[in-house]
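So the structure is just underneath, and the comments pick up after that.
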Amino acid sequence: MARKEPTLSGISTDDLGEEPLRRSTANRSSGSKKGGSSRAEQPPRSVSYDPAPSGSKWTPVLFVVAVAALGLSGFLFMQLTQAQVALQGVQLRLTDLEQQLTLTDDEASQSVTALQANLKKSNEQLALAHSEIRKLWDTRKVNKKGIASNASAAKSAASTANSAKQSLTKVESSLSELKATVSSLSQSVNTKMASVDSLQSEVKSLSSAQSSLKSSFKQVDNLSSRVQSNEDAIESIDAYRRNINRQLLELQQRGNSSPATP
Numbered sequence: 001m002a003r004k005e006p007t008l009s010g011i012s013t014d015d016l017g018e019e020p021l022r023r024s025t026a027n028r029s030s031g032s033k034k035g036g037s038s039r040a041e042q043p044p045r046s047v048s049y050d051p052a053p054s055g056s057k058w059t060p061v062l063f064v065v066a067v068a069a070l071g072l073s074g075f076l077f078m079q080l081t082q083a084q085v086a087l088q089g090v091q092l093r094l095t096d097l098e099q100q101l102t103l104t105d106d107e108a109s110q111s112v113t114a115l116q117a118n119l120k121k122s123n124e125q126l127a128l129a130h131s132e133i134r135k136l137w138d139t140r141k142v143n144k145k146g147i148a149s150n151a152s153a154a155k156s157a158a159s160t161a162n163s164a165k166q167s168l169t170k171v172e173s174s175l176s177e178l179k180a181t182v183s184s185l186s187q188s189v190n191t192k193m194a195s196v197d198s199l200q201s202e203v204k205s206l207s208s209a210q211s212s213l214k215s216s217f218k219q220v221d222n223l224s225s226r227v228q229s230n231e232d233a234i235e236s237i238d239a240y241r242r243n244i245n246r247q248l249l250e251l252q253q254r255g256n257s258s259p260a261t262p
């Protein structure tokens with residue numbers, strides 16, 4: 001009996017055993033109709049001996065086996081469907097983790113770049129402030145009379161230098177915090193990578209379970225084929241029994257119609 005292999009897109013349960021059952025039911029129906037028509041054509045007569053074939057006793061057993069095979073097929077189908085749903089969930093989780101890792105790396109790179117730019121700008125401001133201070137001191141040496149007028153400018157430059165130093169201190173503190181953040185992100189990445197490895201192990205386990213389910217489906221197919229063969233054998237035995245009964249009826253009719261011996 002041909003059956004399509006199960007795929008991730010879905011499995012048709014109609015291929016798992018309904019065809020042998022429909023054939024068996026159709027064969028029994030056709031056999032019962034033929035037997036009924038032959039009995040309707042001939043008048044009922046008493047038969048001296050009509051042994052029941054031993055094969056007919058196994059018909060209920062084989063029917064129960066076929067129903068059990070169908071139930072097992074449905075159970076295996078449900079197990080395979082659950083495994084496929086779990087596999088899809090794991091794949092979605094892997095995709096989500098990869099996206100999170102990509103976003104984390106991008107954000108860290110952008111933060112480091114911004115802090116480096118701020119640090120460079122602060123260094124430039126500090127260098128400019130030192131340059132201004134040197135110019136002021138040179139001016140003081142050249143022209144002491146202009147010290148009083150330039151005192152306010154020197155104080156302003158010193159204030160600017162102090163502000164620059166404070167900004168530099170803040171930038172250095174922010175850089176330290178960023179380093180700590182990068183270290184924490186690295187640990188988080190390592191943890192997520194461990195989660196990815198665990199998910200990959202789960203995927204391998206689910207793939208192994210799927211292979212086992214496919215093997216079980218093959219065993220169910222073999223059982224269905226054996227059931228079909230047994231049903232065909234039972235049909236042959238029933239046909240042989242009907243033929244023997246018909247011959248016995250003919251012999252009895254001939255014996256009844258022959259003249260009595262003097």
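In full-length UniProt numbering, the protein residues as written are 1 to 262.
Cβ atoms here follow ideal geometry from the backbone N, Cα and C, with glycine treated the same way.
Note that the structure is a prediction, hence the values are computed from the model and not measured.
Check	Outcome
Span separating the alpha-carbon of residue 270 from that of residue 98	Outside the shown range of the chain, which is 1 to 262, sits residue 270, and nothing can be said about it.
Cβ neighbour criterion (16 or more within 10 Å) applied to residue 138	exposed
Other residues of its chain near residue 350: CB distance less than 8 Å, five sequence neighbours each side excluded	No statement about residue 350 is possible, as the shown extent of the chain runs from 1 to 262 and does not include it.
CA-to-CA distance, residue 163 to residue 115, given in whole angstroms	18 Å
CA-to-CA distance, residue 70 to residue 192, given in whole angstroms	43 Å
Selected residue, minimal CA-CA separation from residue 84, among 65, 214, 222	214
Pair within 7 Å by beta-carbon distance, residue 132 and residue 158	no
Distance between residue 217 and residue 67 (C-alpha atoms, nearest Å)	15 Å
Outcome for residue 171 when other beta-carbon atoms lying within 10 angstroms are tallied against a minimum of 16	buried
Coil, strand or helix - residue 245 by DSSP	helix
Status (buried if at least 16 other CB within 10 Å, exposed otherwise) for residue 64	exposed
Contact check, residue 206 vs residue 119, beta carbons under 7 Å	no
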